[in-house]
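Just below is one structure, and these are the notes that go with it.
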Amino acid sequence: MANSKCAIATCLLVLTAGGTTTAEAHVLLDHASPDVGSTVSASPDSVTLYFTDALDPKSSGAEVRNSSGEKVDGGSSASGNTLQASVKSLSPGSYIVKWHAVSTDTHKSQGSFSFRVGQ
């Protein structure tokens with residue numbers, strides 16, 4: 013009897029210790045251009061975010077705002093694992109990128125980061 017309880021406990025431990033699989037993982041920001049927290053010398057044409065999973069283009073988006081909180085992007089679009097926001101000519105200063113992403117397997121994530129234009 014004690015051996016069968018031990019065997020059952022071992023089986024349950026093995027089944028529950030499998031960990032998170034890729035299908036259960038949330039979509040994460042891998043990197044961006046301009047780099048997160050970077051200073052670029054000139055205005056980029058766009059802000060591009062690269063994620064760890066393919067995105068649902070209808071449910072994912074990004075916006076770029078200046079230090080006054082004004083929106084300075086011309087909209088965003090997603091394709092594959094990339095989310096891109098076009099920007100007009102950005103004046104020297106600080107900018108915040110706010111994003112929300114939904115992977116094709118419906119996992120959601122959101123975040124923000126900043127970058128600077130100029131010195």
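Take the position in the sequence shown, starting the count at 1, then add 12; the result is the number in our numbering.
Just so it is clear, CB atoms sit at the ideal spot from N, CA and C, and this is done for glycine as well.
{"Query": "If contact is defined by three or more beta carbon pairs under 8 Å, each pair taking one atom from either stretch, is the region 89 to 109 in contact with the region 64 to 79?", "Result": "yes"}
{"Query": "Just to confirm my understanding: we take S98, look at its own chain, exclude 5 residues before and 5 after, and list those with CB closer than 8 Å. What are they?", "Result": "D57, S58, D85, G86, G87 and S88"}
{"Query": "Return the CA-CA distance between L67 and S53, expressed in angstroms with no decimal places.", "Result": "30 Å"}
{"Query": "Note the first and the last residue of the continuous beta strand (DSSP E) segment covering S55.", "Result": "Note, S55: premise wrong, no beta strand (DSSP E); not H, not E."}
{"Query": "Straight-line CA distance for D47 to S71?", "Result": "24 Å"}
{"Query": "Please name the residue in S124, H119, S101 and F127 whose C-alpha comes closest to that of T64.", "Result": "H119"}
{"Query": "Tell me whether N93 sits in a helix, a strand or coil according to DSSP, three-state version.", "Result": "coil"}
{"Query": "Since G123 is in the beta strand (DSSP E), which residue starts that stretch and which ends it?", "Result": "K120 to V129"}
{"Query": "How should L40 be labelled, buried or exposed, when 16 other C-beta atoms within 10 angstroms of its C-beta is the threshold for buried?", "Result": "exposed"}
{"Query": "Between K100, A74 and R128, which lies nearest to T94 when the distance is taken from Cα to Cα?", "Result": "A74"}
{"Query": "Is it right to say A115 is buried, meaning 16 or more other beta carbons lie within 10 angstroms of its own, or is it exposed?", "Result": "Just to set this straight, residue 115 is Ser in the shown sequence, not Ala. Classification for S115: buried."}
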